[in-house]
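Report on the structure given below.
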Amino acid sequence: MTQVKAGDTVSIHYTGTLADGETFDSSEGREPLEFTVGSGQIIPGLDNAIPGMAVGEKKSVAVPCADAYGETDPNAKQAVPRAQVPPEITLEIGMQLQMQSPDGQAIPVTVAELSEEEVTLDANHPLAGKDLNFDIELVEIKAA
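Under this note's numbering, the first residue of the sequence shown is numbered 230, with each subsequent residue one higher.
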């Protein structure tokens, strides 16, 4: 039976949940996720769980935040004057927006706090600081 090794391209079905059981992502109803093992295309904690698996095998994997999206970085939060936000945007806590870096890169941010004068934007990944759980099934291996 063929087992996955680094460099192989694999397809998996997965469901990702938080510690409280809430599903944050799933391939259910979609094509399986395809990636090259060990290439850095997916979070390290999940990537490291794939080698040694065989087609049809299922596994549950607990991924600590350090091997997922990292710890929450307090420096990634920034308060900006509310006047800098276009007036046609109705702000709500949890709302996703995009900012532009000085070099023109799009940066996804989340509205973390609101006051009359300021909007605090958080550029941390929404899953930063969270331990994740995945139920995975290996669907296909394309050997390197």
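Ideal placement from N, C-alpha and C gives every residue a C-beta, glycine not left out. If you're wondering where the values come from, they're calculated on a predicted model, not measured in any experiment.
- Taking every protein chain shown into account, the CB of M282 has 16 or more other CB atoms within 10 angstroms, so this residue is buried.
- The three-state secondary structure of D360, taken from DSSP, is coil.
- Counting C-beta pairs closer than 8 Å gives three or more between the segment 294-314 and the segment 352-365, which meets the contact rule.
- A contact between stretches requires three or more CB pairs, one per stretch, nearer than 8 Å, and the segment 231-241 meets this requirement with the segment 266-286.
- By the beta-carbon neighbour count (other beta carbons within 10 angstroms, threshold 16), L320 is exposed.
- Per DSSP, L275 is one residue of the alpha helix (DSSP H) stretching across 273-276.
- Of the candidates V368, E251, M324, the residue whose Cα lies closest to the Cα of L262 is V368.
- Just so you know, the alpha carbons of S289 and A373 end up roughly 25 Å apart.
- Of the other Cβ atoms in all chains shown, fewer than 16 fall within 10 Å of the Cβ of V309; this residue is therefore exposed.
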